[in-house]
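Listed in order, the protein sequences are those of chains A and B. Note that the working numbering numbers the first sequence so that position 92 is 168, with each residue one more than the last. Note that the working numbering numbers the second sequence so that position 61 is 115, with each residue one more than the last.
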Amino acid sequence: DAGVIQSPRHEVTEMGQEVTLRCKPISGHDYLFWYRQTMMRGLELLIYFNNNVPIDDSGMPEDRFSAKMPNASFSTLKIQPSEPRDSAVYFCASSLIVAGVETQYFGPGTRLLVL
Amino acid sequence: ELKVEQNPLFLSMQEGKNYTIYCNYSTTSDRLYWYRQDPGKSLESLFVLLSNGAVKQEGRLMASLDTKARLSTLHITAAVHDLSATYFCAVDTSGSRLTFGEGTQLTVNP
Chain A
77 DAGVIQSPRH
87 EVTEMGQEVT
97 LRCKPISGHD
107 YLFWYRQTMM
117 RGLELLIYFN
127 NNVPIDDSGM
137 PEDRFSAKMP
147 NASFSTLKIQ
157 PSEPRDSAVY
167 FCASSLIVAG
177 VETQYFGPGT
187 RLLVL
Chain B
55 ELKVEQNPLF
65 LSMQEGKNYT
75 IYCNYSTTSD
85 RLYWYRQDPG
95 KSLESLFVLL
105 SNGAVKQEGR
115 LMASLDTKAR
125 LSTLHITAAV
135 HDLSATYFCA
145 VDTSGSRLTF
155 GEGTQLTVNP
């Protein structure tokens with residue numbers, strides 16, 4: 077299995093531009109998570125989906141952030157307009173609950189720099 | 055609001071020594087996870103602890119969970135350089151929602 081796939085791996089953009097991050101979860105996993113990691117705030121859960129349906133988006137920082145999961149194999153996290161304080165590493169993770177045990181598998185992350 | 059606190063945040067140790075990383079959390083939970091992150095890399099799952107008294111071991115790492123004390127430990131035995139990384143604990147509070155600790159940056163010196 078290829079694991080969780082994220083693209084792009086690096087993104088540099090200017091303030092005000094739209095940024096779209098992409099994620100392909102592990103096949104068969106029915107949970108998908110978006111996290112953000114910064115030095116100041118650590119690792120934060122932004123939103124997660126179960127069977128393509130958003131379950132908890134309370135971690136989404138503001139209306140500039142939106143996430144979609146149109147099908148079981150693809151999700152996007154969009155920032156519009158982007159701001160310098162959005163600079164961070166964004167991780168996508170997926171999981172499957174088996175016999176009550178769940179482990180989240182993380183993708184390689186997207187390093188975002190907003191100038 | 056759930057708080058997950060790790061101690062210490064930075065740990066420098068010599069090869070061959072033993073040490074313990076602590077993870078305290080502020081609300082009831084019987085599921086706790088340990089992850090490892092190498093610099094510039096993603097997070098790798100190490101252990102899943104599902105009940106009070108659970109103990110898991112893999113190589114030189116051993117994790118335990120005391121749900122009554124709301125405490126998990128990650129014990130390192132006879133450290134080697136390859137263990138240098140940042141270690142995170144994460145607590146499952148509701149459904150699949152994980153709250154992560156700040157991370158413990160471990161450096162093992164020859």
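Note that beta-carbon positions come from the ideal geometry of N, C-alpha and C, so glycine has one too.
Proximal residues to residue i (C-beta, below 6 Å), its chain only, five neighbours per side dropped
| i | result |
| --- | --- |
| Gln159/B | Phe64 and Thr140 |
| Asp133/A | Ile123 |
| His129/B | Thr74 and Met116 |
| Asn61/B | Tyr76 |
Distance, residue j Cα to residue i Cα
| i | j | result |
| --- | --- | --- |
| Arg114/B | Thr131/B | 5 Å |
| Ile131/A | Glu87/A | 27 Å |
| Gly176/A | Asn127/A | 17 Å |
| Lys100/A | Phe182/A | 11 Å |
| Met145/A | Tyr73/B | 43 Å |
| Ile155/A | Arg140/A | 5 Å |
| Ile81/A | Ser96/B | 11 Å |
| Asp162/A | Cys143/B | 24 Å |
| Asn147/A | Leu108/A | 11 Å |
| Ser99/B | Glu159/A | 32 Å |
| Thr121/B | Glu120/A | 23 Å |
| Asp92/B | Pro157/A | 31 Å |
| Lys110/B | Val129/A | 33 Å |
Same chain only: Cβ atoms within 8 Å of residue i, ignoring 5 sequence neighbours per side
| i | result |
| --- | --- |
| Phe150/A | Arg98, Cys99 and Lys100 |
| Leu152/B | Tyr87, Ala144, Val145 and Asp146 |
Distance cut-off 7 Å: residue i Cβ against heavy atoms of the ligand ADP
| i | result |
| --- | --- |
| Val102/B | The ligand ADP is not part of the structure shown, which contains no ligands of any sort. |
Handout entry: Cβ contact (3+ pairs, closer than 8 Å) linking the segment 98-105 of chain A and the segment 119-138 of chain B
Key = At 8 Å Cβ cutoff, the stretches do not touch.
Problem - Interface positions of the segment 142-161 of chain B facing chain A (Cβ-Cβ less than 9 Å), listed along the chain - result: Under the 9 Å Cβ criterion, the segment 142-161 of chain B contributes Phe142, Ala144, Asp146, Ser148, Gly149, Ser150, Arg151, Leu152, Thr153, Phe154, Gly155, Glu156 and Gly157.
Practice task
May I ask you to verify whether the segment 80-90 of chain B touches the segment 100-108 of chain B, counting CB pairs closer than 8 Å and requiring at least 3?
Solution key: Short answer: they touch.
Problem - Any beta strand (DSSP E) of 3 or more consecutive residues that is wholly inside the segment 70-118 of chain B - result: Taken in chain order, the whole beta strand (DSSP E) runs of length 3 or more contained in the segment 70-118 of chain B are 73-79, 86-91, 97-103 and 109-112.
Exercise for the section: Closer than 8 Å, Cβ to Cβ, to anything on chain A: give me those residues from the segment 100-111 of chain B, in chain order. Expected result: Flagged, chain order: Val102 and Leu104.
Practice task
For the segment 123-137 of chain A, enumerate the residues whose C-beta is nearer than 8 Å to any C-beta of chain B, in chain order.
Solution key: So the list reads Tyr124, Asn126, Ile131 and Asp132, given in the order they occur along the chain.
Practice task
For the segment 122-133 of chain B, enumerate the residues whose C-beta is nearer than 8 Å to any C-beta of chain A, in chain order.
Solution key: Cβ proximity to chain A below 8 Å picks out nothing from the segment 122-133 of chain B.
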